[in-house]
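Protein chains in written order, with numbering that gives the first Met the number 0: chain Z, 0 to 126; chain S, 0 to 126.
Number of protein chains: 2
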Amino acid sequence: MVKPKIPKPTESELAILGILWEKGPCTVRQVNETLSKQQPTGYTTTLKLMQIMAEKGLVVRDQSQRTHVYQAHLPEEQTQNQLLGDLMDKAFGGSAEKLVLRALSAKKISAGELAKIKQMLTEIEGK
Amino acid sequence: MVKPKIPKPTESELAILGILWEKGPCTVRQVNETLSKQQPTGYTTTLKLMQIMAEKGLVVRDQSQRTHVYQAHLPEEQTQNQLLGDLMDKAFGGSAEKLVLRALSAKKISAGELAKIKQMLTEIEGK
DNA sequence: ACTTGTCAACGAAATATTTCGTATTTTAGT
DNA sequence: ACTAAAATACGAAATATTTCGTTGACAAGT
């Protein structure tokens with residue numbers, strides 16, 4: 000039983016995944032237009048990246064229409080876990096606590112967000 | 000007044016920075032030995048990387064002795080903030096809350112760690 | 001002085017990532 | 001049927017990253 004083993008997305012690939020997560024299935028043009036607002040990018044550049052991502056298994060594409068439609072293969076959560084775990088190992092000595100504490104102290108978080116986080120903490124404690 | 004603008008470390012560079020943060024100033028050999036436990040690496044490979052890092056300003060080196068001694072240029076916290084902010088933008092749509100919640104839910108965190116995190120939350124609320 | 005081991009310097013190969021130009025196909029409008 | 005617009009495929013250049021072999025300098029012990 001072979002697990003396909005999807006590689007970690009590169010920086011550029013992650014930017015594209017972010018768009019697909021937010022907007023759902025998209026064409027290359029849609030992705031390129033969104034991307035270009037952040038960083039002007041040629042159409043074929045985006046196309047090529049998305050083709051490579053399809054080869055890697057990062058996205059799946061529907062080729063049934065003339066204009067292909069792409070969507071992220073893995074759910075947002077799974078990729079976020081992977082990236083977070085990776086960063087935790089590499090930059091935080093494997094400590095989730097350090098990572099969370101730094102994220103909390105470094106960034107401004109609203110009262111509502113704090114409440115949600117506290118609720119999550121309580122749930123975890125309860126287990 | 001030009002700010003040097005230190006670039007984001009690559010994957011391999013980050014592994015070296017992690018060692019320098021943990022152990023303090025090190026020679027290339029010390030770093031290479033530690034690195035080789037995680038991932039066997041040739042001495043000159045590590046040397047070259049650290050030389051490049053010195054050029055980029057990621058590390059500073061003391062050349063006064065025959066054997067150079069390197070240390071991280073930026074404090075651990077600053078680089079962690081940079082990387083976390085970067086990941087937050089790229090993979091979490093800029094939401095610190097999402098990032099924290101995911102880190103909390105995905106990884107096992109001890110009771111002691113939870114307590115520290117709660118304390119941090121209370122401090123932030125108090126401000 | 002000679003040998004041996006350790007080190008930095010350097011260049012270059014190997015690999016990965018990003019960007020884009022060109023060719024071809026398809027669709028829609030005239 | 002012809003043309004223009006829009007799309008994919010492909011290849012290759014440009015850049016960034018990683019790895020390592022070779023060389024020459026230095027240092028310690030003999």
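Think of the CB as a built atom: it goes at the ideal place given N, C-alpha and C, for glycine as much as any other residue.
_At least three beta-carbon pairs within less than 8 Å, the segment 54-62 of chain S to the segment 92-105 of chain S_ = no
*For G93 of chain Z, count neighbouring C-beta atoms within 10 Å of its own C-beta (all shown protein chains included) and say buried if the count is 16 or more, exposed if not.*
exposed
*Alpha carbon to alpha carbon, how far is V68 of chain S from N80 of chain S?*
26 Å
*Three or more C-beta pairs closer than 8 Å, one from the segment 48-56 of chain S and one from the segment 8-23 of chain S: is that the case here?*
yes
*Answer yes or no: does any C-beta atom of chain S fall closer than 8 Å to that of S35 of chain Z?*
no
*asked:* Does the segment 10-23 of chain S come into contact with the segment 102-120 of chain Z, if we say contact requires no fewer than three beta-carbon pairs (one atom in each stretch) closer than 8 Å?
replied: no
*Under 8 Å, do L113 of chain S and E124 of chain Z count as touching if we go by C-beta distance?*
yes
_Continuous alpha helix (DSSP H) assignments of at least 4 residues falling wholly in the segment 4-36 of chain Z_ = 10-22
*Please go through the same chain and pick out, in chain order, the residues whose beta-carbon is closer than 8 Å to the beta-carbon of T45 of chain Z, but skip the five residues on each side of it.*
I15, V27, V30, N31, L34
*Which residues in the same chain as E12 of chain Z place their Cβ atom closer than 7 Å to its Cβ, once the five residues preceding and following it in sequence are excluded?*
L48, M52, L57
_CB of G17 of chain S within 8 Å of CB of A90 of chain Z, strictly_ = yes
*If you measure from the beta carbon of A133 of chain Z to each beta carbon in chain S, is any gap under 8 Å?*
Past the boundaries of the shown model lies residue 133 of chain Z; chain Z is included only from 0 to 126, so the question cannot be answered.
_One question on the structure: do I86 of chain Z and L120 of chain S come within less than 8 Å of each other, judged by their Cβ atoms?_
It is Leu, not Ile, that sits at residue 86 of chain Z in the sequence shown. It is not a contact, given that the beta carbons lie outside the stated cut-off.
_Start-end ranges of the beta strand (DSSP E) lying completely within the segment 24-105 of chain S, minimum 3 residues_ = 58-61, 68-71
*asked:* So for K117 of chain S, helix, strand or coil by DSSP?
replied: helix
_Close-in-space but distant-in-sequence residues of the same chain around L73 of chain Z (CB under 7 Å, 5 per side omitted)_ = I5
*CB contact below 8 Å: M119 of chain S versus chain Z*: yes
*Is I108 of chain Z helix, strand or coil when you go by DSSP?*
coil
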